[in-house]
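Novice: Protein chains in written order, with this note's numbering: chain A, 1 to 288; chain B, 1001 to 1288; chain C, 2001 to 2288; chain D, 3001 to 3288.
A virtual CB, placed ideally from N, CA and C, is assigned to each residue, including glycine.
Nothing here was measured: the structure is a model prediction, and the numbers come from that model.
There are 4 protein chains.
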Amino acid sequence: MNIGFIGLGIMGSRMAANLQKAGHNLVVYNRTAQKAEALVAKGATLASTPEEVGKQCRVIFTMLATPDAVEEAALGQHGFLKEMPGNSLWIDSSTVNPSFSVRMAKAAQKMGHRFLDAPVSGSLKPAETGQLVFLVGGAAQDLQEVRPLLDAMGKDVLHIGDHGQGSSMKIVNNMLFGQIMGAFAEALKLGTSLGITEETLCQTLLNGPGGAPFLKLKQEKLLTRDFSPEFPLEWLHKDLHLAGVTAYEQGIALPTLHTVKEVFAMAKQAGLGEQDFSAVYDFINPTK
Amino acid sequence: MNIGFIGLGIMGSRMAANLQKAGHNLVVYNRTAQKAEALVAKGATLASTPEEVGKQCRVIFTMLATPDAVEEAALGQHGFLKEMPGNSLWIDSSTVNPSFSVRMAKAAQKMGHRFLDAPVSGSLKPAETGQLVFLVGGAAQDLQEVRPLLDAMGKDVLHIGDHGQGSSMKIVNNMLFGQIMGAFAEALKLGTSLGITEETLCQTLLNGPGGAPFLKLKQEKLLTRDFSPEFPLEWLHKDLHLAGVTAYEQGIALPTLHTVKEVFAMAKQAGLGEQDFSAVYDFINPTK
Amino acid sequence: MNIGFIGLGIMGSRMAANLQKAGHNLVVYNRTAQKAEALVAKGATLASTPEEVGKQCRVIFTMLATPDAVEEAALGQHGFLKEMPGNSLWIDSSTVNPSFSVRMAKAAQKMGHRFLDAPVSGSLKPAETGQLVFLVGGAAQDLQEVRPLLDAMGKDVLHIGDHGQGSSMKIVNNMLFGQIMGAFAEALKLGTSLGITEETLCQTLLNGPGGAPFLKLKQEKLLTRDFSPEFPLEWLHKDLHLAGVTAYEQGIALPTLHTVKEVFAMAKQAGLGEQDFSAVYDFINPTK
Amino acid sequence: MNIGFIGLGIMGSRMAANLQKAGHNLVVYNRTAQKAEALVAKGATLASTPEEVGKQCRVIFTMLATPDAVEEAALGQHGFLKEMPGNSLWIDSSTVNPSFSVRMAKAAQKMGHRFLDAPVSGSLKPAETGQLVFLVGGAAQDLQEVRPLLDAMGKDVLHIGDHGQGSSMKIVNNMLFGQIMGAFAEALKLGTSLGITEETLCQTLLNGPGGAPFLKLKQEKLLTRDFSPEFPLEWLHKDLHLAGVTAYEQGIALPTLHTVKEVFAMAKQAGLGEQDFSAVYDFINPTK
Chain A
1 MNIGFIGLGI MGSRMAANLQ KAGHNLVVYN RTAQKAEALV AKGATLASTP
51 EEVGKQCRVI FTMLATPDAV EEAALGQHGF LKEMPGNSLW IDSSTVNPSF
101 SVRMAKAAQK MGHRFLDAPV SGSLKPAETG QLVFLVGGAA QDLQEVRPLL
151 DAMGKDVLHI GDHGQGSSMK IVNNMLFGQI MGAFAEALKL GTSLGITEET
201 LCQTLLNGPG GAPFLKLKQE KLLTRDFSPE FPLEWLHKDL HLAGVTAYEQ
251 GIALPTLHTV KEVFAMAKQA GLGEQDFSAV YDFINPTK
Chain B
1001 MNIGFIGLGI MGSRMAANLQ KAGHNLVVYN RTAQKAEALV AKGATLASTP
1051 EEVGKQCRVI FTMLATPDAV EEAALGQHGF LKEMPGNSLW IDSSTVNPSF
1101 SVRMAKAAQK MGHRFLDAPV SGSLKPAETG QLVFLVGGAA QDLQEVRPLL
1151 DAMGKDVLHI GDHGQGSSMK IVNNMLFGQI MGAFAEALKL GTSLGITEET
1201 LCQTLLNGPG GAPFLKLKQE KLLTRDFSPE FPLEWLHKDL HLAGVTAYEQ
1251 GIALPTLHTV KEVFAMAKQA GLGEQDFSAV YDFINPTK
Chain C
2001 MNIGFIGLGI MGSRMAANLQ KAGHNLVVYN RTAQKAEALV AKGATLASTP
2051 EEVGKQCRVI FTMLATPDAV EEAALGQHGF LKEMPGNSLW IDSSTVNPSF
2101 SVRMAKAAQK MGHRFLDAPV SGSLKPAETG QLVFLVGGAA QDLQEVRPLL
2151 DAMGKDVLHI GDHGQGSSMK IVNNMLFGQI MGAFAEALKL GTSLGITEET
2201 LCQTLLNGPG GAPFLKLKQE KLLTRDFSPE FPLEWLHKDL HLAGVTAYEQ
2251 GIALPTLHTV KEVFAMAKQA GLGEQDFSAV YDFINPTK
Chain D
3001 MNIGFIGLGI MGSRMAANLQ KAGHNLVVYN RTAQKAEALV AKGATLASTP
3051 EEVGKQCRVI FTMLATPDAV EEAALGQHGF LKEMPGNSLW IDSSTVNPSF
3101 SVRMAKAAQK MGHRFLDAPV SGSLKPAETG QLVFLVGGAA QDLQEVRPLL
3151 DAMGKDVLHI GDHGQGSSMK IVNNMLFGQI MGAFAEALKL GTSLGITEET
3201 LCQTLLNGPG GAPFLKLKQE KLLTRDFSPE FPLEWLHKDL HLAGVTAYEQ
3251 GIALPTLHTV KEVFAMAKQA GLGEQDFSAV YDFINPTK
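1) Short of 8 Å in beta carbon distance, which residues of its chain neighbour GLY2164/C, apart from the five on each side in sequence? Order them along the chain.
2) Give a yes or no on whether the C-beta atoms belonging to GLU3234/D and GLY3273/D are separated by under 7 Å.
3) Are the beta-carbon atoms belonging to LEU2008/C and ASN2030/C less than 7 Å from one another?
4) Going by the beta-carbon positions, is the gap between LEU2132/C and VAL2120/C smaller than 7 Å?
5) With a threshold of 6 Å on Cβ separation, who are the neighbours of THR2045/C within its own chain once the five nearest residues in sequence on each side are excluded?
6) Whose CA, out of GLU3072/D, LEU3158/D, LYS3216/D, LEU3217/D, lies closest to the CA of THR3049/D?
7) Restricting to Cα atoms, I'd like to know which of ILE1010/B, GLU1230/B, LEU1222/B is closest to ILE1284/B.
8) Run down chain B in chain order and give the residues with a C-beta less than 7 Å from the C-beta of LYS189/A.
9) Anything in chain D within Cβ reach of ALA2107/C, meaning under 9 Å, just list it in chain order.
10) Run through DSSP, which three-state label would ASP2226/C get?
11) Using the Cβ count rule (16 or more neighbours within 10 Å means buried), how would you classify GLY3112/D?
12) So with CB distances below 7 Å, who are the chain A contacts of THR2259/C?
13) Give a yes or no on whether the C-beta atoms belonging to HIS3237/D and PHE3214/D are separated by under 7 Å.
14) May I have the straight-line CA-CA distance separating ARG14/A from HIS2258/C, to the nearest angstrom?
15) Using the DSSP secondary-structure output, state which residues sit across from LEU2349/C in a beta bridge.
16) In terms of residues, what are the limits of the beta strand (DSSP E) holding ARG1147/B?
17) Would you give the residue range spanned by the alpha helix (DSSP H) that ILE2171/C belongs to?
18) Give me the subset of the stretch 3191 to 3205 of chain D whose CB atoms are less than 8 Å from a CB atom of chain C, sorted by chain position.
19) Mind checking the stretch 2265 to 2278 of chain C against chain A and listing, in chain order, the residues whose C-beta falls within less than 8 Å of any C-beta there?
20) Please go through the stretch 3076 to 3144 of chain D and give each complete beta strand (DSSP E) segment of 3 or more residues, from N-terminal end onward.
21) If the cut-off is 8 Å on Cβ atoms, which residues from the stretch 159 to 175 of chain A count as contacting chain B, listed in chain order?
22) Counting along the chain, where does the alpha helix (DSSP H) carrying ASN18/A start and finish?
23) Between the C-alpha atoms of ILE3006/D and LYS3125/D, what's the straight-line distance to the nearest angstrom?
24) Would LEU1019/B pass as a contact of ALA1152/B if the rule is Cβ separation under 7 Å?
25) Quick one: using the 10 Å Cβ neighbour count with 16 as the cut-off for buried, is GLU3051/D buried or exposed?
26) What separation, rounded to the nearest whole angstrom, lies between the Cα atoms of ALA3290/D and VAL3070/D?
27) Using alpha carbons as the reference points, say which of GLY2086/C, ALA2033/C, ALA2041/C lies closest to GLN2056/C.
28) For chain C, check one thing: does any of its Cβ atoms lie closer than 7 Å to the Cβ of HIS241/A?
29) Could you tell me whether the stretch 242 to 254 of chain A touches the stretch 1184 to 1203 of chain B, using the rule of 3 or more Cβ pairs below 8 Å?
30) Beta carbon of GLY3004/D, beta carbon of VAL3053/D: below 7 Å?
31) Going along chain B, which residues have a C-beta under 8 Å from VAL263/A?
32) Does the distance from the CB of ILE2171/C to the CB of LEU2135/C come in under 7 Å?
33) Let me know the secondary structure DSSP gives PHE3231/D once reduced to three states.
34) Leaving aside the five residues before and after TYR3281/D along the sequence, list all residues of the same chain whose C-beta is less than 6 Å from its C-beta, in chain order.
35) Helix, strand or coil, according to DSSP, for ASP156/A in the structure here?
36) Buried or exposed: which applies to ALA1247/B, given that a residue is buried once 16 or more other Cβ atoms fall within 10 Å of its Cβ?
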């Protein structure tokens, strides 16, 4: 059986490679074809459009940067959905807003297909080593059907609930990351302004009750100011934006989220968008 | 040797009890004398003013609610500093702003005494069980002198730096707590609005990379909505305020801190000030 | 010549009535047909779908609540654009985000038609008395062609620039309103908490250099707490949301806008959405 | 009768000059004595300390930059209060927090004197031309006694209420200014990012219902980017800080104020503190 994989960026290329390693035949598509070369060299078929992927696969994964890109690939002029054999299964691992996932689920169903939103927790390294955590929304039996594929790419699969709830959990998760990262950056800013070293602050705070595990992983980046991207700041900013839009759709207020979002927007404006999202610290507390 | 202890609230009463257990003779003072009864029953001397404490002790601890209360006790009309024998040592464990600690250190020195700012990390239970962490600012040899006393009340003593830096670390620490607590409350709000249960959200988020240790300790409070105070919301709000004032004094901007501070201010306005600070969740996501 | 008018809510019904008074034959459509009764009684033709309006008109106005509603009316299954005679002119007076206006302009052009975004400044009363101000984006000659129609509904027509810039100016305008309204509400909150009466505060502040003209119009509402809607709070909240989304699209940060937006979101959560937007004061400074 | 005047900065020097023009003998003090030269050349007596002013005057004005500076001048080692003849009258025109004014009123009364808080609305030019507006807190008969002096410096005198309420109104007033200025800067930022010129934005917005009078006065500064100070940004930032501290003292939440405050803090951090406060626009929307 062929497995389709659309979107071969930082994350997608590594996830697809793990599927390939597990013995699956891949049909891949990426806007920039050269990103597919490594996969093709190991036997993957390169499609020239999403539509061509659709013709050859009953299971397709998408891992794209924005809801618009996902919609184009699935439902656009050369979209894959209309070409897939009846009752196929589309798994969207992109980080999108929950209402978008629900809309895609309906669009798939209307065309006789099945859908799972299955975004992942974890960035570059876990993608490479197959240690991602999948947060899945949709029918339990659909999940069961593709569970071996997810296991090839991740260490854990959490079935959160119905269509959209995988995306919901992902957005909530990344919103929490953004807020904690921003908070930690402000804590270091205040502490260093008072004459405490970054080292002492990190050691004290990260070994204390506020030391969230991912902050410990970012510590070296902060101390060395090497913000090479694991998860780019502009992506986190996008996720905070999707969280804000979702809050609006739900009719709820999230004041602090919105302020943090604007701090990340300022960091992006200042040119840090392609750095790791921990570079928000470089915006809040620049070295002179 | 007598040890003075001024301020017998939730924290102070338990800290003093641990000093007493370790065999020290205490001279204690509290505005409401009855809070001293348990200590007096076990041999502590009750003073009628801070001044009376000053006359009997070369080492005095203060554990009071606000900078104003500390200043009144030390330097007011019946303050203890002017009565202490030359070269005495005052340890202020109250949570105050760093510039206040620096001012107190200077006032003490001017009167021939020594000063340590030594606020604590940890709330009710660690205070009771002697598991506090002291964050100390001041001279290393002064700290060495009273180290056995701190060890009787805490499990760890961190010498952060010069006068004021104990308070600096404490403020930075509590600011981080407040921001993470507020962030987690917003995350649960967004998640539940999207139909995910509080249990699933807590389990997923707290076992993930954003799961700060203290959030795990608050989980039961959140799920049961029993916000009996370990660390009252109005105190955390005060600490966020002190962080804001300190940022102003340092000439730095901390946008997110200020928004979180106002969320806690709204929670306090809504009548939650005496609840645990995790009750900010009850403000953000009330049960109807 | 027939003029089409789609959307007969608080604003649209009054604008259409002024076109009718000026002697124009109207073909109208509204989801709830009974809102068209007064116009029909005076000679307007009631269409059963937007499509039916399209068949009978070379000029169509839309005045709808959300971008989605506009898109449905113009481009949906029963949309009017595909039915209009070649080279027709569609004027959208709805308040929408600028990128949406640009997208609609392109959609119209692709189908051989012309487009103006022409949202209005002014609420219920100016709509009724023909005192609106049109903020127009699009080609000057298209504007010239329908200028007499706009003059029948408004006192002023400002040609801001190209497609989308009418909507841009409108969003900027309403964002300024929302921020000033929120600021004034906070000013009254602080002043009354300090014991100054609302009357003294209004008199002093509104006659001073910060007294924006629209605040003077809201003064009576604030003092009497009669927040019957001229411009509903939930609509202003929507506009602040569109401003936020537009800022994201433009890659810029607007921190204060986002905080005000969340204050309005909280007011809406508290049940004030259908009140006048000045009711944000009732949220910030409730009478007990 | 001698009139004392302490604090001869941008505002104080011009206010004192108007008193002098009205025929009053002045005894003046300023930390930097040379700022008194113009006044001395026209007959004023230069005192070497506040205390020396106190010895020669029954009425003293203070116009200083911070609460600390006021307290030092009045109650410090060389303070004037203790030297004034019994039942003297001290008028503090500095912008301070209300609780500070109340404390100064009590300190004066305790020493047998009377006090008015009488901060002014208006900056450099109104100070020069005697067009200030005094916002007065204190006893009506005390105000009546010095009314001719205030009339020599201002065009209007508003008796707001009891001690502290002059300061309250001033803080509320400046808080409103800061928020409207910040809002307008963000409006211009969004508008220009969408391709509308600053000129069109200013013309449309300032002639519309949101056009607060003081914004019109700032228009030229914004369009020419000449931010020579009329009212320095760092002073407005200080006033926003005092408003925030006052809100904390009053137990109320003002979320938007705090976000604007931090935007001004960032502008100050960026080196704009000594520019006019309208330079917040230069921070939000820098020319590249």
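Specialist: Let me spell this out:
1) Within the same chain, GLY2164/C has close Cβ partners PRO2098, SER2099, SER2101, VAL2102, ALA2105, ASP2117, GLY2137.
2) yes
3) yes
4) yes
5) Scanning its chain for C-beta atoms nearer than 6 Å, with the 5 sequence neighbours on each side dropped, one finds around THR2045/C the residues VAL2027, in chain order.
6) GLU3072/D
7) LEU1222/B
8) ILE1252, LEU1254
9) Per Cβ cutoff of 9 Å: no residues; ALA2107/C is ~20 Å from chain D at best.
10) Reduced to three states, the DSSP call for ASP2226/C is coil.
11) exposed
12) At a C-beta separation below 7 Å, THR2259/C has these neighbours in chain A: PRO255, HIS258, THR259.
13) no
14) 37 Å
15) What the structure shows of chain C is the stretch from 2001 to 2288, and residue 2349/C is not part of that stretch, so it cannot be assessed.
16) Careful: ARG1147/B lies outside any beta strand (DSSP E), inside the alpha helix (DSSP H) at 1140 to 1153.
17) 2165 to 2193
18) GLY3191, SER3193, LEU3194, GLY3195, ILE3196, THR3200, LEU3201, THR3204, LEU3205
19) For the stretch 2265 to 2278 of chain C, which is checked against every Cβ of chain A, the residues closer than 8 Å are ALA2265, MET2266, LYS2268, GLN2269.
20) 3089 to 3092, 3114 to 3117, 3132 to 3137
21) The residues in question are ILE160, GLY161, ASP162, GLY164, GLN165, SER168, MET169, ILE171, VAL172, ASN173, MET175.
22) ASN18/A -> alpha helix (DSSP H) spans 10 to 21.
23) Those two C-alpha atoms are separated by around 20 Å.
24) yes
25) buried
26) The question about residue 3290/D has no answer here: the residues shown for chain D are numbered 3001 through 3288.
27) GLY2086/C
28) So yes, HIS241/A belongs to the interface.
29) yes
30) yes
31) PRO1255, THR1256
32) no
33) coil
34) Take TYR3281/D, set aside five residues on each side of it, and the residues of its chain with a beta-carbon closer than 6 Å to its own are ALA3185, LEU3222, in chain order.
35) Here ASP156/A sits in strand by DSSP.
36) buried
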